[in-house]
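2 protein chains.
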Amino acid sequence: MDKIYNYLESNWNNFLGRLKEFLSIPSISTLPEYKKDIYRCAEWLKRKFEELNFTKVELIETRGHPLLFAEYIPPSPKLTVLIYGHYDVQPTDPESEWKTKPFEPTIILDSIYARGASDMKSQLLAQMFATEAWLANEPLPLHLKYLIEGEEEIGSPNIRSFLENNKEKLSADFALNCDAGIHAPDIPSITYGLRGLAYFELELKGPKQDLHSGLYGGTIRNPIHVLCELIAKMHDDKGRVALPGFYDKVLPLSEEERKLLSQVPFSEEEWKNITGVSQLYGEEGYTTLERVGARPSLDVNGIIGGFTGEGAKTVLPSKASAKISMRLVPNQAPEDIEESFRQFLQEECPPEITWKLELHSSAPPAVMNLNTIYMKSAENALEKEFGRKPVFKREGGSVPIVAWIKQILCIDTVMLGFALPDDCIHGPGEHQNLKVLKRGARVYANFYQELVKNRSI
Amino acid sequence: MDKIYNYLESNWNNFLGRLKEFLSIPSISTLPEYKKDIYRCAEWLKRKFEELNFTKVELIETRGHPLLFAEYIPPSPKLTVLIYGHYDVQPTDPESEWKTKPFEPTIILDSIYARGASDMKSQLLAQMFATEAWLANEPLPLHLKYLIEGEEEIGSPNIRSFLENNKEKLSADFALNCDAGIHAPDIPSITYGLRGLAYFELELKGPKQDLHSGLYGGTIRNPIHVLCELIAKMHDDKGRVALPGFYDKVLPLSEEERKLLSQVPFSEEEWKNITGVSQLYGEEGYTTLERVGARPSLDVNGIIGGFTGEGAKTVLPSKASAKISMRLVPNQAPEDIEESFRQFLQEECPPEITWKLELHSSAPPAVMNLNTIYMKSAENALEKEFGRKPVFKREGGSVPIVAWIKQILCIDTVMLGFALPDDCIHGPGEHQNLKVLKRGARVYANFYQELVKNRSI
């Protein structure tokens, strides 16, 4: 491994240059005006695999943004690994709150600041860097299949059918997913559970057009009021989601799992510092780490209605709408949750207000097997680098691909990534700690070694 | 009067051309980018008074948009009338819902469509047209003082101090306010009561920046949730405003006044047609006309928070804000209402969410004296034109100047205008019925006649 580590060390500056190039491309998947940049980003990535002399590199069109498939086939592989990543990023708003420009990657102290730095361009590139380090030094007896999408941040609407139609092409012993984090700079961790997602847009309509609030105020329903009343009713006063039947299928947390989660180092003070709130809040009867990873939640992600410009306009608006997402845990299915939401609206929305509910994206929750040689290999690789065993966590975020890979390709995933909890992903000032990233590249390289070794036993 | 009526008739097309010019100027007072147009509009109006050979015409600078003062002094006036109007208009959003362009006045059937058509450029010009018709034909023994502002739609922030500093200049026997409506095309009406206003902007702040809703959702307060909960608590389930002490100073409606209001022709079906809602809603125990004119109300005029672009973004937002206005009735003072609102927020907002409340504009409520010779003159002028006595109404809108003129100049106002309830003022498709407007110009001309006659008795 020394030669490989040396390669990573002596090529680190080249790698940073490459990372800056990658981060400069505004590959925002949700905004149509960035469609060209998305293509430019996918093509940039394609060239990188060609430079690694991969056996096969393909840009695959979908109904949305293109997928990249790249394959390295050695003479006698011991294992096949499906490596997942995404090259798209979130929008940058509110742009005024960024201290650096989101698509002009800037290194300050130990971190690189840019949209996508942590989620997940750095992770993806560091993993590819580990592959490069191997290929430059030793034969790698692993068959690698990279599947990199450009639509993760919009709920991966097209990858599922690609998995269904390409089972053979994508067959592997397990999947490595680099869209993951590490608990703290010196506390290695493995995420073994992810929440699912059901992301909705709800629109209410009252009067047929905007009215003068003086002439009509107090005589008809205001759709903003009704939207607010509905949102207020979506939680009870104990912080529980109040949609009918919402918790019906939720698997209770076992004592064993509560114990495992309680071993994860966690500081309320740090959580407050990261978020900037003076106190935490959530469902009664659970710890913060349980709430975030093992309990479902509902958040309004956006709301708009009426006059929102500068100053005053005395309008009684015709419409109001909200983006509302729910994070799900086993065994909640997005389909059941949509049903539950529709029932709630049916029961609670007054008849003179019409409502329209659209499901933007959804993902099933996933819990991964802790007892495979792949998981053990990841554990060992982390322990070697950090000098201590990793902790096992359940994450609050959603990575729909993990459940789909399990359902469709029938293989388990190992999540291994190096984003930190305070990297501001999805928010202004997103960044990646480069010291941690370098250790990450070493872990990825070592993970291959562990896989080869464990498979040989 | 025949010569005057003939003048109005034979010059009607010229008048319409002039009205179109006036309506073409986008004098939107709330949006800074229209500042030049506001000036252009004030100057256009100044020229019109100069063309009428007024004794004095002045454009007066304020901290905001300019005021126009114009004075006509006959040799031996019987009365002095202060005529109030405003030349500014509301913004045009949502622009997509207009069928014609808001600043390209378009006549369709009997109406002219444009922003400001009904509120109140047509009213103001029709009243000036009546003055012109008099001056072209007969000596007018009335001293006229026009005071026309450019900030009515933003709450008249500068006219109050102008009144205070110019009591002598503005002294008059009474004020005529043309910023008013008529009940129906064939039902003349006089508005004798106006609601007051307190217009606020409320901003809530939770986490120090936008966070990933998966990683943090369910563990800290979401400011959109809190804003919605607060808004939901602002009314009880009987449609009453639930701020502490909100109704404390509200004068109860007398039986006599309830009787007067019950005589105003009113159709629930028509109200539903105008607004496009399937059923009406409001404070229990009051009729719709009582609710709109004689009872206070609270409306959220706008709300915004989090991600409101296209598609999905899984954000737990840092901020959320709402524009909230309350319509007040005698004797509610905007200052007391602000106090009541602050107390509510103090009590109801959870401690980890910080709130900021700004008062954008305010106006006291006003009820006018029904027993003056000025009011009688208006009644007679309406009866002559429409062949029936006017009904007396209390309007839900706010015209702060009415109360200020009473408080500062110690004179009563008569409201006389010809906007119809379904003219879509402040909304898309604002228009003015031109047949009604022509009758209005005749009423204004006749009103002068009645004033001269009644004063001579």
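First to last, the protein sequences are chains A and B.
The numbering of the first sequence is our numbering, which starts it at 1 and goes up by one.
The numbering of the second sequence is our numbering, which starts it at 1001 and goes up by one.
Glycine residues also receive a C-beta, built at the ideal position from the N, C-alpha and C atoms.
Bear in mind that the values here come from a model prediction, so they are computed numbers and not experimental data.
**Asked** Does any residue of chain A bring its CB to less than 7 angstroms from the CB of B:C1178?
**Response** no
**Asked** Quick one: what's got a C-beta closer than 6 angstroms to B:T947's C-beta in the same chain, skipping five residues either side?
**Response** Limits of chain B in this structure are 1001 at one end and 1457 at the other, which puts residue 947 of chain B out of reach.
**Prompt:** So what does DSSP say about B:Y1192, is it helix, strand or coil?
**Reply:** strand
**Asked** Between the region 1289 to 1301 of chain B and chain A, which residues of the former have CB atoms less than 7 angstroms from a CB of the latter, in chain order?
**Response** R1291, V1292, R1295, S1297, D1299, V1300, N1301
**Message:** Using a Cβ-Cβ cutoff of 9 angstroms, what residues of the region 1220 to 1237 of chain B are near chain A? List them in chain order.
**Reply:** I1220, R1221, N1222, I1224, H1225, L1227, C1228, E1229, L1230, I1231, A1232, K1233, M1234, H1235
**Request:** Anything in the region 1408 to 1425 of chain B with a Cβ closer than 9 angstroms to a Cβ of chain A? List those residues in chain order, please.
**Result:** P1421, C1424, I1425
**Prompt:** What do you get for B:R1388, buried or exposed, if any count of 16 or more other CB atoms within 10 angstroms of its CB means buried?
**Reply:** exposed
**Message:** Taking beta-carbon pairs under 8 angstroms, can you tell me which members of the region 1154 to 1165 of chain B lie near chain A?
**Reply:** I1154, G1155
**Asked** Roughly how many whole angstroms lie between the Cα atoms of A:L227 and B:S1325?
**Response** 17 angstroms
**Asked** Would you say A:E352 faces chain B, with C-beta separation under 7 angstroms as the test?
**Response** yes
**Request:** Closer than 9 angstroms by beta-carbon distance: list the chain A residues that pair up with B:A1320, in chain order.
**Result:** V300, I303
**Message:** Closest to B:I1182 by C-alpha separation, out of B:G1218, B:D1119, B:L1170, would be which residue?
**Reply:** B:D1119
**Request:** For A:L140, decide whether its Cβ has a neighbour in chain B, counting only Cβ atoms nearer than 7 angstroms.
**Result:** no
**Request:** Pull up the CB-CB distance for B:P1094 and B:P1428, whole angstroms please, since I reckon it's below 8 angstroms.
**Result:** 6 angstroms
**Request:** Could you please give me the residues that DSSP links to B:N1433 through a beta bridge?
**Result:** B:S1111
**Residue from B:H1360, B:E1310, B:E1152, B:H1426 with nearest C-alpha to B:A1117** = B:H1426
**Item:** Below-7 angstroms beta-carbon distance, B:F1307 vs any chain A residue
**Value:** yes
**Asked** Can you give the Cα-Cα distance for B:S1024 and B:L1420, rounded to whole angstroms?
**Response** 21 angstroms
**Message:** I'd like to know if B:S1213 contacts chain A, where contact means its C-beta is closer than 7 angstroms to some C-beta of that chain.
**Reply:** yes
**Message:** Tell me which residues share the same chain as A:M234 and place their Cβ nearer than 7 angstroms to its Cβ, disregarding the 5 neighbours each side in the sequence.
**Reply:** V241, A242, L243, L298
**Asked** Which of the residues in the region 89 to 116 of chain A, read from start to end, lie with their CB under 8 angstroms from any CB of chain B?
**Response** Q90, P91, D93, P94, E97
**Message:** On the criterion of 16 or more Cβ atoms from any shown chain inside 10 Å, does B:P1102 qualify as buried, or is it exposed?
**Reply:** buried
**Item:** Proximity below 7 angstroms, CB of B:S1029 to CB of B:I1154
**Value:** yes
**Asked** Given a limit of 9 angstroms on CB to CB distance, which residues of the region 432 to 456 of chain A reach chain B?
**Response** none
**Request:** Output the boundary residues of the alpha helix (DSSP H) element that contains B:H1225.
**Result:** 1223 to 1233
**Message:** Give me, in chain order, the residues of the same chain whose beta-carbon lies closer than 6 angstroms to that of B:A1366; leave out the 5 immediate sequence neighbours on both sides.
**Reply:** L1194, V1402, A1403
**Message:** When you compare the region 67 to 84 of chain A with the region 1343 to 1350 of chain B, are there three or more beta-carbon pairs, one atom per stretch, that lie closer than 8 angstroms?
**Reply:** no
**Request:** Starting from B:F1129, follow the alpha helix (DSSP H) in both directions and report where the run begins and ends.
**Result:** 1122 to 1137
**Request:** Would you verify that the beta carbon of B:S1361 is, or is not, closer than 7 angstroms to some beta carbon of chain A?
**Result:** yes
**Asked** According to DSSP, which residues form a beta bridge with B:V1315?
**Response** B:H1212
**Message:** If I follow the unbroken alpha helix (DSSP H) through A:I373, where does it start and stop?
**Reply:** 373 to 386
**Prompt:** Quick one, which residues of the region 251 to 262 of chain A are near chain B if we go by CB-CB under 9 angstroms, in chain order?
**Reply:** none
**Request:** Whole angstroms is fine: what's the gap from B:W1134's alpha carbon to A:K319's?
**Result:** 47 angstroms
**Request:** Measure from the C-beta of A:Y192 to each C-beta in chain B and report whether the shortest distance is under 7 angstroms.
**Result:** no
**Message:** For B:E1097 and B:R1018, what's the separation of their Cα atoms in angstroms?
**Reply:** 26 angstroms
**Asked** Are there 16 or more other CB atoms within 10 angstroms of the CB of B:L1316, so buried, or fewer, so exposed?
**Response** buried
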